[in-house]
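Visitor: Numbering (the working numbering), first residue to last: 101 to 439. Glycine included, each C-beta is placed from N, C-alpha and C at the ideal position. The model shown is predicted, which means the values in this text are computed figures rather than measured ones. Quick one: structure below, then a few questions.
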Amino acid sequence: MAGQYATKVVSMITKTEIRRAGRDMGCAVDSTVRASGGDPGAQKVGEACNLARAGAATRIGIAALVCGNRPSHPITPPSPILPREVANLANFAARLAISLLLTFAIASAGELDGVRQLVVATAPSWDAFEGSAQRFERAGGEWKAVGKPWTVLYGKRGLAWGSGVHGQEEKGLRKVENDGRSPAGIFRIGTIYTYDRALPDGSDYPFHTVTAADAWIDDVNHAQYNRHVIVDPKNPPPWYAKQRMRLGDFAYRWLVELRHNSDPPVPGNGSAIFLHLRRAPHKPSVGCTVMAEPELTALIRWLRADAKPHFVLLPREEYAAKWKAWNLPPPTNANALLR
101 MAGQYATKVV SMITKTEIRR AGRDMGCAVD STVRASGGDP GAQKVGEACN LARAGAATRI
161 GIAALVCGNR PSHPITPPSP ILPREVANLA NFAARLAISL LLTFAIASAG ELDGVRQLVV
221 ATAPSWDAFE GSAQRFERAG GEWKAVGKPW TVLYGKRGLA WGSGVHGQEE KGLRKVENDG
281 RSPAGIFRIG TIYTYDRALP DGSDYPFHTV TAADAWIDDV NHAQYNRHVI VDPKNPPPWY
341 AKQRMRLGDF AYRWLVELRH NSDPPVPGNG SAIFLHLRRA PHKPSVGCTV MAEPELTALI
401 RWLRADAKPH FVLLPREEYA AKWKAWNLPP PTNANALLR
C-alpha cells in the first residue's frame with residue numbers, strides 16, 4: 101500500500117523536478133524496496149529516489165513526500181501517505197496560488213484607490229507637443245468627465261516615461277534633465293505655488309506663496325535636487341540666482357506641482373515639473389504641461405486635497421492599451437481625448 105500511494109505522488113512529478121529536489125538527499129524508500137519483496141510500486145519509488153539522489157538542484161518540492169535522509173541502518177517501511185493528506189496538500193497549493201494572483205490583481209487595481217479626481221492628458225504620439233486634457237471625478241466606482249476637454253502643450257520634444265505612481269516600470273524612452281520632454285505616466289498632484297497671497301476665488305487647496313526666499317533646485321549635483329528650498333534672501337547661497345522661483349514671469353503665476361521623480365528624487369531624471377500658464381497658443385514648454393489661463397484657474401478651483409488628485413499623461417495609443425490595468429477612465433468616457 102505504501103508503494104501504491106507513493107507511486108501516485110511520484111507520477112505527478114517529472115523526472116526533472118525530482119532531480120531538482122534530490123540534491124544532498126538520500127531515499128529511505130531503498131529500504132522499503134528491499135523490505136517489500138520486490139513490490140512494483142515500491143520499486144518505482146526507489147527508481148524515482150535514485151533520480152533525485154543524482155540531481156544537482158537544491159529545491160525541495162513534492163518529492164520530499166517520498167524521499168528522506170538515508171538511514172545508516174535498516175528501517176521499517178514509512179507510514180503510508182493517505183489520499184486525504186495528498187488532497188490537503190494540493191488544496192493548500194491551489195489556495196496559495198489563488199491568493200498570490202488576487203494579491204497582484206488587487207495591487208494593480210488599487211493604485212488609484214481613494215483617488216476621486218483625475219486630470220487626464222493625451223498626445224497623438226510620443227513626439228507631439230500639443231494634446232488635450234480633461235478633468236474626471238468619481239463618487240463610486242465609475243469615472244465621469246467634468247467639463248469639456250481643452251488644449252494643452254507639452255515639452256517641445258514631446259513625451260518620455262517619467263517616475264511617479266506609474267511610468268518608471270515601463271520600457272522605452274526615459275525622461276531626463278533638459279531633454280525638452282514632458283514626463284508620461286501617473287503622478288500625484290502636489291502643492292500649488294503662486295505669486296499671489298491667495299488662490300483664485302472658490303479654491304480650497306494647499307498652496308504656498310512664492311517670495312524671494314523660495315528656490316527649486318534643478319542642479320543635478322545639488323543635494324536638494326528637485327526639491328523646494330527656502331533660503332535667507334539677505335544672505336543667499338551661491339547657487340540661489342539660478343534656482344530662485346520668483347522671476348516675475350507671468351507664466352509662473354500659478355505652478356501646480358506634479359510629483360514626478362519626487363519620492364525620492366534621482367539626480368538627472370528630471371525636475372521642476374508643473375502645470376502652468378502657456379506663453380502663446382502654440383508655443384510648447386521645456387517639459388511642463390501648459391495651458392490657457394481660464395482652463396488653469398478652473399482646474400485650481402476644482403482641486404480638493406481630500407480627493408487625492410492625480411495627473412495622467414500618455415500618448416493616445418498607450419492610454420488605449422493601459423487604461424484598464426491602471427484603473428483609468430474607460431475610452432467610452434474619455435473618447436474626446438483619444439481622437
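Using DSSP with H/G/I as helix, E/B as strand and the rest coil, what is ALA341?
Guide: Reduced to three states, the DSSP call for ALA341 is helix.
Visitor: Using 8 Å for Cβ pairs, my map puts HIS410 next to LEU273. What's the rounded Cβ distance?
Guide: About 22 Å; that fails the 8 Å criterion.
Visitor: Who are the Cβ neighbours of THR294 in its own chain at under 8 Å, not counting the five residues just before and after it?
Guide: Excluding sequence neighbours, THR294 sits near PHE307, HIS308, THR309, VAL310, ARG353, TRP354, LEU355.
Visitor: Verify whether the separation of the beta carbon atoms of GLY280 and GLY255 is less than 8 Å.
Guide: Closer than 8 Å, so yes.
Visitor: On a CA-only basis, which of GLU277, GLU393, ALA260 is nearest LEU271? Give me that one, please.
Guide: Reading off the sequence, residue 271 comes out as Lys, not Leu. That would be ALA260, whose Cα lies nearest to the Cα of LYS271.
Visitor: Under three-state DSSP, which class holds ILE289?
Guide: Reduced to three states, the DSSP call for ILE289 is strand.
Visitor: Count the other C-beta atoms from every protein chain shown that fall within 10 angstroms of the C-beta of ALA223, then say buried if there are 16 or more, exposed otherwise.
Guide: Result: buried.
Visitor: Could you tell me the alpha carbon to alpha carbon distance between PRO463 and SER225, rounded to whole angstroms?
Guide: There is no way to answer for residue 463, as the model of the chain reaches only from 101 to 439.
Visitor: Put THR389 into one of helix, strand or coil per three-state DSSP.
Guide: Correct three-state label for THR389: strand.
Visitor: Return helix, strand or coil for THR294, following the three-state DSSP convention.
Guide: Strand at THR294.
Visitor: Tell me the DSSP secondary structure of PRO431 in three-state form.
Guide: Here PRO431 sits in coil by DSSP.
Visitor: Whose C-beta lies closer than 6 Å to the C-beta of ARG379 among residues of the same chain, with five residues either side of it excluded?
Guide: The answer, listed in chain order, is ALA351.
Visitor: Give me the Cα-Cα distance between PRO283 and LYS275, rounded to the nearest whole angstrom.
Guide: Roughly 6 Å between the two C-alpha positions.
Visitor: According to DSSP, what are the bridge partners of LEU355?
Guide: DSSP lists TYR293 as partners of LEU355.
Visitor: If we count the other Cβ atoms within 10 Å of its Cβ and call it buried at 16 or more, is LEU413 buried or exposed?
Guide: By the neighbour-count rule (16 or more Cβ atoms within 10 Å), LEU413 is buried.
Visitor: On a CA-only basis, which of PRO364, ARG297, PRO300, GLY267 is nearest TYR325? Give me that one, please.
Guide: Of the listed residues, the one whose Cα sits closest to TYR325 is PRO364.
Visitor: Which of the three DSSP states is assigned to PHE350 in this structure?
Guide: Three-state result, PHE350: helix.
Visitor: By the three-class DSSP mapping on this structure, what secondary structure does ASP406 have?
Guide: Helix, per DSSP.
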